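Asks: Here the sequence shown is numbered in our numbering, starting from 7 and rising by one per residue.
Where a beta carbon is used, it is the ideal one built from N, C-alpha and C, also for glycine.
Bear in mind the structure is a predicted one, so any value in this text is a computation, not a measurement.
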Amino acid sequence: MATITTRFPLRHVERSRLESVDFDNLPFGSIWSDHMFVADNIDGEWTDAEIRPYGPMPIYPSSKGLQYAVSMFEGFKAHMTPEGDLAVFRPDMNQKRFNRTAARFVMPELPKDLFFDAMRELLDVDRGWLPRADQGALYIRPSYFSTDPTLSVVSGRSFRYVLMTAPVGLYFTGSETVSLVTTRKFVRAFPGGTGGHKPAANYGPTMLASQQAQAQGYDNVIWLDGHEGRYVEECGVMNMWFVIDGTAITPPLEGTILPGVTRDSLIRLCGDFGIPCEVRRIAVDELLEAHAAGTLNEAFGSGTAATVQPIDRLGLDGTDVLLPQRPDSLASRLKAELHGIQTGRVEDRHGWLWRP
Ligand SMILES: *Cc1c(COP(=O)(O)O)cnc(C)c1O
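(1) Tell me whether ARG147 counts as near ligand 1, meaning its Cβ is closer than 7 Å to at least one heavy atom of that ligand.
(2) For a test of the three-state rule: what should DSSP assign to LYS191, helix, strand or coil?
(3) Since VAL94 and PRO362 are thought to touch, with beta carbons under 8 Å apart, how far apart are those beta carbons, to the nearest angstrom?
(4) How about the segment 25-44 and the segment 164-177: do they share at least three Cβ pairs that are nearer than 8 Å?
(5) What residue range does the beta strand (DSSP E) around VAL318 cover?
(6) Which residues does DSSP pair with HIS41 in a beta bridge?
(7) Using the Cβ count rule (16 or more neighbours within 10 Å means buried), how would you classify GLN222?
(8) Is there at least one non-hydrogen atom of ligand 1 closer than 7 Å to the beta-carbon of ARG269?
(9) Quick check on DSSP: helix, strand or coil for GLU115?
(10) Can we count MET213 as close to ligand 1, meaning its CB is less than 7 Å from some heavy atom?
(11) Go through the segment 172-256 residue by residue and report every complete run of the alpha helix (DSSP H) that reaches 4 residues or more, in order.
(12) Leaving out five residues before and five after ASP154 in sequence, what residues of the same chain have Cβ atoms less than 7 Å from its Cβ?
(13) Comparing the CB of LEU264 with every heavy atom of ligand 1, is any distance shorter than 7 Å?
(14) By the 10 Å Cβ neighbour count, where 16 or more other Cβ atoms means buried, how is VAL352 classified, buried or exposed?
(15) If I follow the unbroken beta strand (DSSP E) through ILE146, where does it start and stop?
(16) Are the segment 266-282 and the segment 235-253 in contact at 8 Å, needing three or more beta carbon pairs?
(17) Since THR310 and GLY81 should fall inside the 8 Å C-beta cutoff, what is the C-beta to C-beta distance between them, to a whole number of angstroms?
(18) For my contact list, THR253 and GLU284 are in at a C-beta cut-off of 8 Å; report their separation, rounded to the angstrom.
(19) Helix, strand or coil for ASN100 per DSSP?
(20) For a test of your reading of the model: does the CB of MET244 fall under 7 Å from any non-hydrogen atom of ligand 1? Yes or no.
(21) Within the chosen definition, does the segment 113-133 reach the segment 41-51 through at least 3 CB pairs nearer than 8 Å?
(22) Give me the residue from ARG190, ARG103, HIS345 and ALA219 with the minimum Cα distance to HIS233.
(23) With respect to the alpha helix (DSSP H) encompassing THR268, which residues constitute its N-terminal and C-terminal limits?
(24) Could you tell me the distance, in whole angstroms, from the CA atom of GLY235 to the CA atom of THR53?
(25) Taking C-beta to C-beta, are VAL76 and PHE192 nearer than 8 Å?
(26) Counting Cβ pairs closer than 8 Å, one from the segment 342-359 and one from the segment 210-230, do we hit at least three?
(27) Quick one: is GLY210 buried, meaning 16 or more other Cβ sit within 10 Å of its Cβ, or exposed?
(28) In the structure shown, what three-state DSSP assignment does LEU32 receive?
(29) Should LYS102 be listed as close to ligand 1, given that the test is whether its C-beta is under 7 Å from any heavy atom?
(30) Does the Cβ of GLY81 lie closer than 7 Å to at least one heavy atom of ligand 1?
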């Protein structure tokens, strides 16, 4: 690998947009911090690494990133601790997942040092964009795509890595609970596909399904397995959880489910709480039976954006299952504990925080 010539010439933009932002009412991912980090990989060499003002960049319309979706991303958050420090939640997990997705799309590996050095520098430059813990977090979005402007169906010879950040509020859906409905018309992932990776191409095809769920009065869909349409896999863009008779259940990854960092963290927090947690397949029929027996206590989603997203209504094959929200639910306990660790208010007993 070539030496990385990292230039960080820009310490500030002419006029920061910071003053115009209402930090008490932050949306999700539509306000971007002043700067971005950009680096290119040309013929296998990393080059032209720099921090510049966030803004448009020229890219050929024939680039493979646009034409063939040779494009991927990651997402995680930094929070403010009581001391006013910045703490990033488990970025090592995202760094590894980043390179796993890159390999699946035959894109060059991003060196671990470049991933962390770029993040350290960018967070330093845009430190003022970190919301207070009670306002939200700084969402960190690495993005990586082929810039090769030729139409042969290979991943190409030039790629761009862009790192950007966005201050985000506490509720990314705009409400505290969501409703979900099963779909058999659409399938998110199939064995051998890319469901267990994080390419941009996993997202475009879900939008029609979400739109149709919304037309039926739900917020989003529950994805079922592609073979039998029986087993629950994920919901919207989150991993899926149920609580049946006091036991937390989440489906096994098996290649079609995105290995969520939040999911992994919640499995460990269940262990800390002494709550039984099973990683196993769960069928729609089993949910309907549990509901009929009165043992379906809770359902929730997990992911970086919403952290733990309680679900108040499930449309399961035409049966509407209402899930009353209780203040002492496992979802709210996990959410509070996770947020406590992320913001440095609860002991970081698993060593999850990275402080640049
Ligand atoms: C990113 C993502 C998740 C959540 O993963 P986290 O690492 O917890 O943010 C879940 N499902 C899908 C499809 C995703 O793309």
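Replies: By the coordinates alone:
(1) Along the sequence shown, read from residue 1 onward, the residue named residue 147 stands at position 141. The answer is no for ARG147.
(2) The residue you call residue 191 lines up with position 185 of the sequence shown. The answer is coil: DSSP assigns LYS191 none of H, G, I, E or B.
(3) Looking up residue 94 in the sequence shown gives position 88. Looking up residue 362 in the sequence shown gives position 356. Indeed, because the Cβ distance is near 7 Å, the residues count as touching under 8 Å.
(4) Here the segment 25-44 lies against the segment 164-177, with 3 or more beta-carbon pairs under 8 Å apart.
(5) Here residue 318 refers to the residue found at position 312 of the sequence shown. The displayed chain sequence assigns Asp, not Val, to residue 318. 313-322 is the span of the beta strand (DSSP E), which, as asked, contains ASP318.
(6) Locating residue 41 in the sequence shown gives position 35, counting from the first residue. BP columns for HIS41 point to PRO59.
(7) Translated into positions along the sequence shown, residue 222 becomes position 216. It is exposed - the Cβ of GLN222 has fewer than 16 other Cβ atoms within 10 Å.
(8) The sequence position of residue 269 within the sequence shown is 263, counting from 1. Yes - ligand 1 has a heavy atom lying nearer than 7 Å to the Cβ of ARG269.
(9) The sequence position of residue 115 within the sequence shown is 109, counting from 1. Note: GLU115 maps to coil in three-state DSSP.
(10) As a first step, residue 213 must be located in the sequence shown, where it is residue number 207. False, no ligand heavy atom lies under 7 Å from that Cβ.
(11) 213-221
(12) Here residue 154 refers to the residue found at position 148 when the sequence shown is read from its first residue. Here the set comprises SER69, LYS70, GLY162, ARG163 and SER164.
(13) One-based indexing of the sequence shown puts residue 264 at position 258. LEU264: yes, Cβ under 7 Å from ligand 1.
(14) Walking along the sequence shown from the start, residue 352 turns up at place 346. Under this definition VAL352 is an exposed residue.
(15) If you number the sequence shown from 1, residue 146 lands on position 140. 143-152 is the extent of the beta strand (DSSP E) around ILE146.
(16) Verdict: yes, contact present.
(17) Start at 1 with the first residue of the sequence shown, and residue 310 comes out as number 304. Start at 1 with the first residue of the sequence shown, and residue 81 comes out as number 75. Rounded, the Cβ-Cβ distance is 5 Å, consistent with contact.
(18) On the sequence shown, residue 253 is found 247 positions in, with the first residue counted as 1. On the sequence shown, residue 284 is found 278 positions in, with the first residue counted as 1. 6 Å between Cβ atoms; contact.
(19) Within the sequence shown, the letter at position 94 stands for residue 100. In the structure shown, ASN100 falls within a helical segment according to DSSP collapsed to helix, strand and coil.
(20) Numbered from its first residue, the sequence shown carries residue 244 at position 238. MET244: yes, Cβ under 7 Å from ligand 1.
(21) yes
(22) The sequence position of residue 233 within the sequence shown is 227, counting from 1. The candidate whose alpha carbon is nearest that of HIS233 is ARG190.
(23) For the purposes of this step, residue 268 is identified with residue 262 of the sequence shown, where counting begins at 1. Its alpha helix (DSSP H) spans residues 267-279.
(24) Position 229 of the sequence shown, counted from the first residue, corresponds to residue 235. Position 47 of the sequence shown, counted from the first residue, corresponds to residue 53. Roughly 46 Å between the two C-alpha positions.
(25) If you number the sequence shown from 1, residue 76 lands on position 70. If you number the sequence shown from 1, residue 192 lands on position 186. For VAL76 and PHE192, no; Cβs fall outside 8 Å.
(26) Under the Cβ criterion (8 Å, minimum of three pairs), the segment 342-359 does not count as touching the segment 210-230.
(27) Here residue 210 refers to the residue found at position 204 when the sequence shown is read from its first residue. Counting Cβ neighbours within 10 Å, GLY210 comes out exposed, since fewer than 16 surround it.
(28) Taking the first residue of the sequence shown as 1, we reach residue 32 at position 26. In the structure shown, LEU32 sits in coil (DSSP, three-state: anything other than H, G, I, E or B).
(29) Position 96 of the sequence shown holds residue 102. Because no heavy atom of ligand 1 lies under 7 Å away, the Cβ of LYS102 does not count as near it: no.
(30) Within the sequence shown, the letter at position 75 stands for residue 81. Result yes, Cβ under 7 Å from ligand 1.
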